[in-house]
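Have a look at the structure below, then the notes.
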Amino acid sequence: MNFGGFLDNNSGGGGARIVADIPFNHNSSSSNDNKNNTNNNMPTGAISQPRLLPQSLAKNMFNSPGLSLALQTGMEGQNEVTRMAENYEGNNSVGRRSREEEPDSRSGSDNLEGASGDEQDAADKPPRKKRYHRHTPQQIQELESLFKECPHPDEKQRLELSKRLSLETRQVKFWFQNRRTQMKTQLERHENSILRQENDKLRAENMSIREAMRNPICTNCGGPAMIGEISLEEQHLRIENARLKDELDRVCALAGKFLGRPISSLVTSMPPPMPNSSLELGVGSNGFGGMNNVPTTLPLAPPDFGVGISNSLPVVPSTRQSTGIERSLERSMYLELALAAMEELVKIAQTDEPLWFRSIEGGREILNHEEYIRTFTPCIGMRPNSFVSEASRETGMVIINSLALVETLMDSNKWAEMFPCLIARTSTTDVISSGMGGTRNGALQLMHAELQVLSPLVPIREVNFLRFCKQHAEGVWAVVDVSIDTIRETSGAPTFPNCRRLPSGCVVQDMPNGYSKVTWVEHAEYEEGVNHHLYRQLISAGMGFGAQRWVATLQRQCECLAILMSSTVSARDHTAITPSGRRSMLKLAQRMTNNFCAGVCASTVHKWNKLCAGNVDEDVRVMTRKSVDDPGEPAGIVLSAATSVWLPVSPQRLFDFLRDERLRSEWDILSNGGPMQEMAHIAKGQDHGNCVSLLRASAMNANQSSMLILQETCIDAAGALVVYAPVDIPAMHVVMNGGDSAYVALLPSGFSIVPDGPGSRGSNGPSCNGGPDQRISGSLLTVAFQILVNSLPTAKLTVESVETVNNLISCTVQKIKAALQCES
DNA sequence: CTTCTAATCCCGA
DNA sequence: TCGGGATTAGAAG
């Protein structure tokens, strides 16, 4: 045999293979063909037993021009060699000669002869390493032109082209294949360079910002006049920096993917945000001068930055990388949304005319929607068609400092504790940023909440929102909420929210006397149809979920905290309960009230089953649940019944009536027909109505021991609450001595009262109560009972017990109406 | 040295 | 079986 396979260790695949390397024979094909010696282009005479040669020897052999000449085969060979001659012009004379000879010396026999001759020459000819060749410029031109029109030619086109160019179809195919991959790598490289540029730009920007952050410190020692501005400026820089860091990380991840190696982002090596003590501590107490000129141009990220990148990518659905990118993309979207929402909140909280105007009655403020739409770009998209808007604003002095309020708002547990009647349930689902420099400034988190109006006629509002906290100046903070249902589809749950919160929240400013001025804005869009018509006016006026209610609750709760903090026990509080006993009782009352709210609004804290029994009034909602393993309430089947009615009585009068222990017998069956007695009283506010008390019902007869009732009452501008529960006497003793209240089992019942003006319903006419406040002449009263119907959790609910509770509730309502002489 | 390119190997649809 | 990604090694810069 005149040529042979050799061990080719360079080929991929690990093990040595036998490869017949046939110089200049581009018909030569896969090693398989050669191995099998079935190559049709081989002159049959040339085939003999393959033998293995040492690679070096084989190379020498094949590198000899003689060999290549000799092996030139096939009809395409002619053109090939011509091209080769062109390409290699100027090479060593030997090579040239051989090529020049080729065109004329080709035939089967020539090859055969040449081959043998070459083998002989191999030893003495200088090595030539031309195994590969290039296509001629003409060929490439033709290929390119077809590629331009059609980078993916079908078999027919390739065949046609191969004939025209005297190339093998296989070569054409390879060419196109390679061309396509080449295009792809070029594209990637191009994108890579763009990303690199972007990266550099961000890096430079970051550097300059860090520089800018450092400088104010030096200039600060100079003049205190600029303090407000500097502080504000610094906040912006910090936020901007957070944004830059996020984007840089993202770009690094992308760039790293294309370069095939991780790129360390400059930011990762950056020291944590410096406390910048000289700046912060050097600020005087009256530092909120900058408040009036809060720039309306908060630094927002270029809106199309992230999107632009993701669109230009050839979409690599790789797993880990892309989720990382998605996550950081998501985070920067959140940040952008938060910043936009913050800007809107601050503006909407501080602008009066023409954004807000007073209602004709002179009371609450009404948002001017035309002006609103003109002023703000909708940051969570347009309002769904079926939704209506609700906007309210309220300002009030609250006995709390800004830091404490911010801390309360940013901690979901404290938040829920502060607004127990408003928040059925809440949790922080994700903390995107916990704040900068050890403060809540810049903190950004995802939250979930169920908001409630205490009535079975108003469904809970479930909202997912971003909460973003920002310090605007010394002693001036703002916390903004904004719904994220529009940009977050990750949850996968196809629950369409019945409510979305537009930028809402509060701006709080410390006052010198320990109070702070809180401006609250609540702005939401919701499906009006889900609310009972009885409540629609109230809710659309912002008295349901609106700012008035938040501020009123905040004021009342903070007042309560202030009273409990102060060591002086109220003079009114003559009952001698130890401080720890007071704490325990208040804690128990708190739990009672929370449970009451959960029962009224069917919050998901408990798993309530709605009941549609036959003999239940239309507007009475009855639910049951099983109570097991909760030491805080009796085990068994708990039945909850609730209804709401409108009464032509002011909330104050209704409240005073319901909380008066001496008038208890007029509506409460627990009173056994007689007055109750107040055994203990813990004041929770200036208003005597805000308190926790312990009542004793008179015994029905001598054999029966008297019953104790724990009661919590509260009232503020937005409504009132009377919640009570019968409690075990020995257990109550433990609590009053400071014992753990967690094991006191109770099931709360009670009333929620909200003001509702006469304008909301014509037929009921004017109030029968000529109170001083003409505007509020009616009330919406919610009555709710939770009753243990069977102490066996496995027991079935009987129709009787449902009817009993239904009767109880309607009787109570009737008695109250009768007592207040407003029978309708 | 790096980049380009024809070709090969190998894998997955 | 085919297309395409990874790889290879000679050619070219």
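Using our numbering, count along the first sequence one by one with no gaps and you end on 827.
Idealized CB from N, CA, C, for every residue including glycine.
Look at residue 153 here: in three-state DSSP terms it is coil, with no helix or strand label.
Sequence-distant partners of residue 610 (beyond 5 residues in either direction) whose C-beta falls short of 7 Å from its own C-beta, in its chain, are 628. Distances from the alpha-carbon of residue 384 to those of 344, 361, 542 put 344 closest.
DSSP, read as helix, strand or coil, puts residue 797 in coil.
Proximity of the region 652-664 to the region 800-812 falls short of the contact definition, fewer than three beta-carbon pairs being nearer than 8 Å. For residue 582, the number of other beta carbons within 10 angstroms of its own is below 16, and it is reported as exposed. Taken through DSSP and simplified to helix, strand or coil, residue 582 comes out as helix. Of the candidates 376, 375, 361, 361 places its Cα closest to the Cα of residue 369. Bounds of any alpha helix (DSSP H) do not take in residue 719; it lies within the beta strand (DSSP E) bounded by 710-719. In the DSSP assignment, no residue is bridged to residue 596.
By the 16-neighbour rule on beta-carbons within 10 angstroms, residue 758 is buried.
Beta-bridge partners assigned by DSSP to residue 468: 450, 486. A Cβ-Cβ distance of about 5 Å is found for the pair residue 341 and residue 447, placing them in contact under the 8 Å criterion.
Relative to the Cα of residue 481, the nearest Cα in the group 516, 469, 444, 503 belongs to 444.
Here the alpha carbon of residue 790 sits roughly 21 Å from the alpha carbon of residue 423.
Taking a contact to require three or more Cβ pairs closer than 8 Å, the region 717-734 and the region 681-701 qualify as touching.
The DSSP-derived three-state label of residue 780 is coil. For residue 525, the three-state secondary structure derived from DSSP is strand. Cβ neighbours of residue 505 within its own chain (closer than 6 Å, five residues either side excluded): 526.
Collapsing the DSSP output to three states places residue 418 in a helix. The alpha-carbon of residue 752 is positioned some 27 Å away from that of residue 550.
Here residue 678 is not near residue 748, since their CB atoms are 8 Å or more apart. The shortest CA-to-CA distance from residue 486 to any of 475, 478, 471, 661 is the one to 471. Burial check for residue 604: the Cβ neighbour count within 10 Å reaches 16 or more, so the residue is buried.
Assigned with DSSP and collapsed to three states, residue 611 falls in coil, not helix or strand.
Taking a C-beta distance under 8 Å as the contact criterion, residue 205 and residue 251 qualify as a contact pair. The beta carbons of residue 669 and residue 473 sit no closer together than 8 Å.
Residue pairing by DSSP places residue 350 opposite no residue, since no beta bridge is assigned to it.
Residue environment for residue 556: buried (at least 16 other C-beta atoms within 10 angstroms of its C-beta). When only Cα atoms are considered, residue 353 and residue 510 end up about 9 Å apart. Sorting 437, 623, 588 by C-alpha distance to the C-alpha of residue 788 places 623 at the top. DSSP places residue 518 outside both helix and strand once states are collapsed to three, so it counts as coil. The alpha-carbon separation between residue 737 and residue 744 amounts to approximately 8 Å.
Nearest to residue 246 by alpha-carbon distance, out of 333, 755, 584, is 333. Secondary-structure assignment with DSSP links residue 724 through a beta bridge to 717, 755. Secondary structure of residue 379 (DSSP, three-state): coil.
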